[in-house]
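As given, the protein sequences belong to chains Y and H, one line each in that order. When you line the first sequence up against our numbering, it's residues 1 to 425, in that order. When you line the second sequence up against our numbering, it's residues 1 to 317, in that order. Read through the structure below, which is laid out as structure tokens, and then see the notes.
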Amino acid sequence: MDDAISKACGSIPRRCARRTTAEQGGFVLYDLSVAAISLAGVSKTFGDGTLAVADLDLDIADGELLVVVGPSGCGKSTVLRIVAGLESPTEGEVTIGGRVVTDASPGDRDLAIVFQDYALYPHLSAYQNLAFALKSRRMGRKAIDKRVREVAALLSIEPLLHRKPRALSGGERQRVAMGRAIVRSPSAFLMDEPLSNLDAKLRVQLRSEIRRLHRELGETFLFVTHDQTEALTIGDRVAVLRRGRLQQLDDPQSLYDSPANLFVAGFIGTPPMNLLLATVEADGTQRIARAGPWRFAVPAGVLIGRVVVGIRPEHLGAPEFVTGFGEAATAEVLVAEAETLGGVSLLHFAVDAQPVSVRDDDGLDAPFTLGSPPATVIAAVDARTQALPESRLTLAVDKSRVRFFDADTGEALRLNGAPSERPPA
Amino acid sequence: MTSTYVATEPQDVDRKPAHTSDRSRAENRLGLKLVAPAVVMMLLVTAYPMLRALYLSLFQYRVTAPDDRAFVGLSNYVTVLTDQLWWRDIWNTVIIMVVTVAIELVIGFAFAMVMHRIIFARGVIRTAILIPYGIITVVSAFAWQFAFSLNNGFVNGWLGWLPGIDADFNWFGSHWPAMFAIMVSEIWKTTPFMSLLLLAGLSQVSEDMLEAAKVDGATWWQRLFKVILPNMRAAIMVAVLFRALDAFRIFDNIFVMTRGAQDTESASFLTYRQVIENLELGIGSALSVLLFLCVLLIAFLLVRLFKVDLAAARGEG
Chain Y
1 MDDAISKACG SIPRRCARRT TAEQGGFVLY DLSVAAISLA GVSKTFGDGT LAVADLDLDI
61 ADGELLVVVG PSGCGKSTVL RIVAGLESPT EGEVTIGGRV VTDASPGDRD LAIVFQDYAL
121 YPHLSAYQNL AFALKSRRMG RKAIDKRVRE VAALLSIEPL LHRKPRALSG GERQRVAMGR
181 AIVRSPSAFL MDEPLSNLDA KLRVQLRSEI RRLHRELGET FLFVTHDQTE ALTIGDRVAV
241 LRRGRLQQLD DPQSLYDSPA NLFVAGFIGT PPMNLLLATV EADGTQRIAR AGPWRFAVPA
301 GVLIGRVVVG IRPEHLGAPE FVTGFGEAAT AEVLVAEAET LGGVSLLHFA VDAQPVSVRD
361 DDGLDAPFTL GSPPATVIAA VDARTQALPE SRLTLAVDKS RVRFFDADTG EALRLNGAPS
421 ERPPA
Chain H
1 MTSTYVATEP QDVDRKPAHT SDRSRAENRL GLKLVAPAVV MMLLVTAYPM LRALYLSLFQ
61 YRVTAPDDRA FVGLSNYVTV LTDQLWWRDI WNTVIIMVVT VAIELVIGFA FAMVMHRIIF
121 ARGVIRTAIL IPYGIITVVS AFAWQFAFSL NNGFVNGWLG WLPGIDADFN WFGSHWPAMF
181 AIMVSEIWKT TPFMSLLLLA GLSQVSEDML EAAKVDGATW WQRLFKVILP NMRAAIMVAV
241 LFRALDAFRI FDNIFVMTRG AQDTESASFL TYRQVIENLE LGIGSALSVL LFLCVLLIAF
301 LLVRLFKVDL AAARGEG
């Protein structure tokens with residue numbers, strides 16, 4: 001299927017995304033030249049001087065589900081509120097469906113929001129909550145009734161329609177809130193952490209529900225969350241935001257495989273990517289990065305000195321159980337801790353290298369924080385691997401999937417097309 | 001009326017059924033013991049005077065002639081209820097109550113909105129709005145009497161452009177202008193109290209919900225009438241109840257501004273006159289009892305209304 005997508009994408013000048021039902025061909029092409037929602041150079045500074053969003057350019061294609069993800073305080077909710085018209089940007093332009101709406105009121109933008117705390121009208125029944133927006137638009141009573149029942153059926157909330165929000169459970173309220181958004185057939189849906197107040201099980205269930213709704217409605221969704229797992233599972237494309245600045249905008253797999261910088265590398269994935277400082281030395285014609293027990297050939301063009309090496313936990317494994325590894329390097333490690341998760345085990349071990357982490361207060365001049373050796377590395381290995389704490393174990397690492405980052409800027413090094421397997425966005 | 005009760009935070013829908021284990025019975029006993037001193041105090045300071053008034057209202061009793069005291073049954077009540085004076089004063093009182101509470105509700109709500117929304121100089125503006133409530137009623141009544149007075153008041157000067165009002169217009173010279181002046185002073189004085197109670201209700205209307213309504217395309221008026229007001233109904237009813245009971249007992253303003261002249265007497269002023277000026281304890285007590293019954297009736301009617309609304313606000317209606 002991936003081949004089909006890349007073939008199809010080749011014909012579209014900008015980007016395309018995936019995920020539909022098999023009958024629909026398995027993917028949809030999103031042509032960004034007809035963006036449903038577009039932010040151009042949008043900045044927002046609050047009255048107290050806080051810079052919430054800095055010079056953000058973001059195009060959301062018609063029918064796309066775009067997730068904005070980032071740690072708390074990164075400005076993701078502000079982005080959504082600016083699109084909704086609940087905040088006005090200090091600079092920049094917001095376009096919805098080709099119309100500049102920077103100064104339009106929220107009611108004139110033909111959008112619907114689903115709030116984190118649902119924001120249902122407590123004095124109205126679920127039915128009246130759904131009907132509210134239609135009444136505001138002076139729709140006829142019969143038409144309202146038909147539409148409300150249609151949407152209630154879509155969300156299977158018909159039996160709840162007569163109840164007031166207080167008599168509904170969290171998941172039911174969330175469904176009613178989604179119903180209230182859907183009932184108006186808006187041109188786009190904005191969802192502000194809609195699943196954060198639900199328990200873990202319900203959250204997973206509603207995730208796929210939202211994907212289903214997105215498929216069935218075929219409308220544009222802007223979904224904001226702080227949960228990177230949610231972002232990866234839900235989004236056609238994911239925008240990673242940090243301190244109001246866009247770090248990377250990509251489809252989930254590319255985001256995971258080729259993080260654009262150290263922040264994204266550390267933010268996306270659980271457990272996060274192991275980041276180590278390596279020294280780059282010349283070895284004949286090649287340049288070699290040495291980090292702990294490993295030596296990796298670095299992309300051509302990397303200068304002698306330092307580089308940050310990123311290894312995903314699942315790209316480490318006991319040689320007898322790994323499959324699909326490319327060229328592998330092995331090293332013997334001393335297991336410090338082993339956590340069993342059922343299918344995989346997480347092994348913690350120390351390597352003689354400086355650990356690299358991106359902290360909240362790391363700024364632009366110092367993109368990351370260097371720890372002192374040894375660094376703790378986590379490997380997600382096959383659960384059959386015999387590994388007890390304090391035991392020695394030989395682990396292979398998939399060299400082809402190791403990522404390199406500039407030690408001065410923290411940006412990913414993608415020199416000469418390597419190491420990314422996918423063509424860059 | 002000093003206690004401020006605002007009930008809006010709803011309780012859980014599924015309350016646990018009351019069980020009567022030994023433990024909860026012991027807790028009940030402890031509860032009774034804890035409230036007992038307060039109940040005794042209340043009985044002493046409120047129940048005794050009330051029962052005493054009820055008792056006295058059954059006698060013909062003038063303080064200057066204590067020996068002529070005689071039991072007359074309900075004839076004091078008959079006297080009062082058949083007298084035009086009583087009905088006129090009740091009418092005045094009801095008019096003052098309805099008009100002032102209605103106007104206070106509107107202005108008080110506007111003030112509450114201002115206090116709720118204001119961003120700059122928040123403290124100063126909130127304080128400024130609340131100042132009148134901090135002024136003693138008698139003092140504010142005097143201030144307004146001066147404002148409306150014939151010779152040195154500013155009202156005539158300011159409103160001179162209105163037909164019928166000039167420098168020589170005597171506000172206290174006829175019924176309606178005098179009532180108007182009394183009501184203005186009452187409204188000025190007590191609107192801040194109303195707005196405080198409404199502010200408490202307003203701050204419980206969720207901001208997200210208002211934004212949802214904005215995005216739903218509701219206009220400002222629709223948001224106000226369909227979202228904000230229904231969600232603070234309980235607070236509004238509490239505010240109206242408090243102010244209505246207060247306004248029904250209006251006395252100070254009238255005492256200072258007109259002393260009941262131009263038929264501006266209120267029911268409590270009539271009571272005052274019978275007891276303090278005429279020293280008629282029997283008639284006066286009968287008037288107090290009737291006044292009490294009126295207040296009770298208003299409270300009952302409003303609370304009946306209020307309960308229905310409270311249930312609706314909780315999502316049970």
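We treat Cβ as the ideally placed atom computed from N, Cα and C, and that holds for glycine.
Item, Value
"Tryptophan 161(H) in three-state terms, based on DSSP", "coil"
"Limits of the alpha helix (DSSP H) - the one that glycine 179(Y) falls within", "170-182"
"Contact residues within the region 114-137 of chain Y, judged by C-beta distance below 7 Å to chain H", "Phe115, Asp117, Ala119, Tyr121, Pro122, His123, Phe132, Ala133, Ser136, Arg137"
"Three-way DSSP call (helix, strand, coil) for glycine 410(Y) in this model", "coil"
"Cβ-Cβ distance between tyrosine 127(Y) and proline 165(Y) below 9 Å", "no"
"Short CB-CB distance (under 9 Å) between aspartate 108(Y) and chain H", "yes"
"Test: leucine 213(Y) CB closer than 9 Å to a CB of chain H", "no"
"DSSP three-state assignment for serine 446(Y), whether helix, strand or coil", "Because chain Y here runs from 1 to 425, residue 446(Y) falls outside it and cannot be looked at."
"Helix, strand or coil at asparagine 253(H) according to DSSP, with G and I counted as helix", "helix"
"Contacts of leucine 427(Y) in chain H (Cβ-Cβ under 7 Å)", "This structure gives no information on residue 427(Y), because the portion of chain Y shown stretches from 1 to 425."
"Residue interval of the beta strand (DSSP E) (run including phenylalanine 71(H))", "65-71"
"Glycine 326(Y) versus leucine 202(Y): straight-line alpha-carbon distance, rounded", "38 Å"
"Cβ of serine 206(H) within 9 Å of any chain Y Cβ", "yes"
"Neighbourhood of glutamate 281(Y) by C-beta distance below 6 Å, restricted to the same chain and skipping five residues each side", "Ile288"
"Rounded straight-line distance, which links the Cα of methionine 50(H) to that of glycine 123(H)", "43 Å"
"Residue interval of the beta strand (DSSP E) (run including methionine 191(Y))", "188-192"
"Limits of the alpha helix (DSSP H) - the one that glycine 107(H) falls within", "Before going on, a small fix: residue 107(H) reads as isoleucine here, not glycine. Here the alpha helix (DSSP H) through isoleucine 107(H) covers 84-117."
"Euclidean distance between Cα positions of leucine 301(H) and methionine 194(H)", "19 Å"
"Distance between alanine 200(H) and glycine 153(H) (C-alpha atoms, nearest Å)", "36 Å"
"Burial state of glutamine 386(Y), where buried means 16 or more other Cβ atoms lie within 10 Å", "exposed"
"Run of the beta strand (DSSP E) containing glutamate 332(Y), from where it starts to where it stops", "328-340"
"Exposure label - glutamate 230(Y); buried when at least 16 CB within 10 Å", "buried"
"Touch test, the region 213-220 of chain Y against the region 40-59 of chain Y, Cβ-Cβ under 8 Å, three pairs minimum", "no"
"Cα-Cα separation between threonine 127(H) and phenylalanine 46(Y), rounded to whole angstroms", "27 Å"
"Within-9 Å CB hit, arginine 180(Y) to chain H", "yes"
"Identity of the residues DSSP links to tryptophan 294(Y) by a beta bridge", "Ala291(Y)"
"Nearest-angstrom Cβ-Cβ length linking arginine 184(Y) and leucine 120(Y), presumed shorter than 8 Å", "About 15 Å; that fails the 8 Å criterion."
"Partner residues on chain H for leucine 86(Y), Cβ-Cβ distance less than 9 Å", "Glu211, Lys214, Val215"
"Bridge-paired residues (DSSP) for arginine 306(Y)", "Thr279(Y)"
"Spatial neighbours of leucine 316(Y) in its chain, beta-carbon cut-off 6 Å, leaving aside the 5 residues before and after", "Ala379, Leu395, Val397"
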